[in-house]
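Residue 1 is where the sequence shown starts when you use the numbering used here, and the numbers rise one by one after that.
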Amino acid sequence: MAVTIGKIGQNTNSRILELYGKSSDIKPIDFIDGVQVINGSIFIEMDTGDAYFFDEETHTWIAT
Numbered sequence: 001m002a003v004t005i006g007k008i009g010q011n012t013n014s015r016i017l018e019l020y021g022k023s024s025d026i027k028p029i030d031f032i033d034g035v036q037v038i039n040g041s042i043f044i045e046m047d048t049g050d051a052y053f054f055d056e057e058t059h060t061w062i063a064t
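Quick look at the structure:
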């Protein structure tokens, strides 16, 4: 299992991505615009309000 630091004190991990799109959009599992999607990144569906966290070990998005 991969564990990723999301925040230390007031400093956030700037590598964790916060992505927005529609439920019909394909959620990236490797790179988006040349930036790697890492463990703990979040994808929020604008049309449903559903949120997903990225599991880097299995390359899947997990519903919250």
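For every residue, glycine included, the Cβ atom is placed at its ideal position computed from N, Cα and C.
Under DSSP, Gln-36 forms a beta bridge with Phe-31. Residue state for Leu-19 is assigned as strand, using DSSP reduced to three classes. Of the candidates Asp-33, Ile-29, Gly-6, the residue whose Cα lies closest to the Cα of Ser-14 is Gly-6. By the Cβ-count criterion, Ser-41 is buried, with 16 or more other Cβ atoms from all chains shown falling within 10 Å of its own Cβ. Going by DSSP, Thr-60 is part of the beta strand (DSSP E) stretching over 60 to 63.
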